[in-house]
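Take a look at the structure below.
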Amino acid sequence: MRLSALYRYPLKSARGETLQQIGLDKLGLQGDRRWMLVDEASGRFLTQRAVARMSQLSALWNDQGGLTLSAPGHSTLEVALPGADAPLRGVTIWQDTLRVPDAGDEAAAWVSEFIGKPSRLVQVPAQRARSTAAGYGRDDDQVAFADGFPLLLIGQASLDDLVARVGRPLEMLRFRPNLVVEGSAAFAEDDWKRVRIGDVEFRVVKPCSRCILTTIDPQTGERSADREPLATLQKYRAQADGAMFGQNLVNDGNGRLQVGMAVTVIE
């Protein structure tokens, strides 16, 4: 088995970046989901679930931790990493509330125009990260703005199995994994507990419950009228918490990943 693809999503629910190599830190892939859009009034997080056109928003991460924002019909904006004196904004993501640095009024005006309502752009430094979902992993496991865990892994054969059942091509980016593994059987990842990629070990902590976001075409931002592939997943991958596709991981230690690295199941 080998690591066949790497994806990073610097801004939660915006377009992903395809990578050949990337470093890991305490919160997963360096630069992954360290930024987020929130409703200005409530501080509630915004995603493609409610704002499908976020699929057309590009947010490229730079080595200083800032972003380059771009979207069709909008000028490009360079957003710097907020400094130590940046104002903090109270935000809510799922059941978590926290205070994180705000990127400023220029960025807010840009994202508000794109979203179509007053919005703010915020960033989470490592010292303000959230704990992972209770009941899974270890007490000191942390996550940035990903839904619940630092990393998501999907086997290529699992997608191939789903494509065969749906009867039409499906992009891996619909499912927003960080790591794609080639050479395993379909849904083999369901039975893994620990894996090693390169010099880094990962714990498999929880299956990923899928939502309406999987029905949004990552290229066009349009939702499928037949609710695919979610409808098919619900037929043969349903559990008590939803239709499962992919596994959430936590990395134990830092290091670097590169496409082509061997993937070894330890447990």
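In the working numbering, the protein residues as written are 374 to 640. Beta carbons are placed, not taken as given, at the ideal position from N, Cα and C, and that holds for glycine.
For E479 and L461, the gap between their C-alpha atoms comes out near 16 angstroms. The DSSP-derived three-state label of M634 is coil. Beta-bridge partners assigned by DSSP to Q394: Q631.
Counting every other CB atom within 10 Å of its CB across the protein chains shown gives D614 a total below 16, marking it as exposed. In the DSSP assignment, no residue is bridged to A476.
Rounded to the nearest whole angstrom, the CA to CA distance from L419 to W467 is 11 angstroms. Apart from the 5 residues on each side of it in sequence, V539 sits with its Cβ closer than 8 angstroms to the Cβ of E601, P602 and T605 in its chain, given in chain order. In the pairwise beta carbon analysis, the region 438-456 is classified as not touching the region 392-400: fewer than three pairs are separated by under 8 angstroms. Taking C-beta atoms under 8 angstroms as the contact rule, Q612 and C581 fail to qualify, at a distance of about 11 angstroms. For E413, the closest C-alpha among the options A425, A482, L392 and D469 is that of A482. Counting only runs of 3 or more residues that sit fully inside the region 473-550, the beta strand (DSSP E) segments are 492-496 and 524-528, in chain order.
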